[in-house]
Amino acid sequence: MTAPATLRRVFVGPVGIRAGWRLLLFVVLAQGVIGLPLHWFVVRGYPQFTLASGIGFWRAAALLSLLFGGLHYFLKPMEDLADFASVGLIGLFLCLTLRRTGSLWFAVGFHAGFDYAALTIVGAPNTGNGGRPISDHLLVTTFTGPDWLTGGPRGIEASLLVFPVIAALFVLFQRRYRAAGTPPSS
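Here the sequence shown stands for residues 1 to 186, where the numbers follow this note's numbering.
Written out as structure tokens, the structure reads:
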């Protein structure tokens, strides 16, 4: 069970639905406003800036993206090489967004939007939830087919179909943001 589902069950019970949803909304917004940006600034922003000043932006981006994919592969249950590669490539894509926009905010929003769409709207399975979808998602979906196609219990980022999507992200972002913004020093 995910944190929002747990919180809703805890707070909606005796407190009442209106008060419960207000508290749940506050907790979710606090995590989105504080937790996710803090995660990105600590895990990606500071290390990227610091490494880029010594070894260059793209070397730092490649190293951190490999580390990002490796952390998912070695520390999360059920991960496989497709998930390692896709998470690493998404990390590299988000470094491109940092380089071109000069800000981490696109990466923060992309990560939040991807997680929200995959987990809360579509109801894709996730290893953080034991390979199951979260209990309360918007659409009633079923994922049938081989794991290489659906991602299996690892979710859509472990599907081999995610790689053309990642390639399209690089191409589309490259076309939209041709010139670098104000990137960290390289």
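For each residue, glycine too, the CB sits at the ideal point set by N, CA and C. Here the structure is a predicted model, which is why all the values come from computation and not from measurement.
Based on Cα-Cα distance, which residue from the options lies nearest to residue i?
i: alanine 52; options: Leu98, Ala179, His111, Ala168; result: Leu98
i: alanine 60; options: Tyr46, Leu71, His72, Tyr73; result: Tyr46
i: proline 37; options: Leu138, Gly145, Val140, Ser103; result: Ser103
i: isoleucine 166; options: Pro153, Gly152, Gly88, Gly70; result: Gly88
i: serine 86; options: Arg176, Phe143, Arg154; result: Arg154
i: tyrosine 177; options: Asn129, Leu161, Arg100, Lys76; result: Arg100
i: leucine 138; options: Ala117, Leu71, Gly128; result: Ala117
i: glycine 145; options: Leu161, Gly35, Leu75, Asp136; result: Leu161
i: asparagine 129; options: Phe173, Lys76, Gly113; result: Lys76
i: glycine 69; options: Asp147, Gly56, Arg44, Thr142; result: Arg44
How many whole angstroms separate the CB atoms of residue i and residue j, which I take to be in contact at a CB cut-off of 8 Å?
i: aspartate 83; j: glutamate 157; result: 6 Å
i: leucine 262; j: phenylalanine 170; result: No statement about residue 262 is possible, as the shown extent of the chain runs from 1 to 186 and does not include it.
i: glycine 131; j: methionine 78; result: 6 Å
i: serine 159; j: leucine 149; result: 6 Å
i: tryptophan 40; j: histidine 111; result: 7 Å
Would you give the residue range spanned by the alpha helix (DSSP H) that residue i belongs to?
i: valine 162; result: 162–176
i: phenylalanine 49; result: 46–55
i: proline 37; result: 36–40
Using 6 Å as the cut-off, classify the Cβ of residue i as near or not near the heavy atoms of the ligand FAD, replying yes or no.
i: leucine 92; result: Among the ligands in the structure shown, none appear at all, so the ligand FAD cannot be discussed.
Pairs of beta-carbons, one from the region 88–99 and one from the region 56–67, closer than 8 Å: are there three or more?
Short answer: they touch.
contact_flag[the region 99–111, the region 119–129] where n(CB pairs < 8 Å) is 3 or more
Taking 8 Å as the limit for Cβ pairs, the verdict is that the region 119–129 does not touch the region 99–111.
Give the list of continuous alpha helix (DSSP H) stretches no shorter than 4 residues that lie fully inside the region 99–151.
If we require 4 residues or more, the alpha helix (DSSP H) runs fully inside the region 99–151 come out as 105–115, 147–150.
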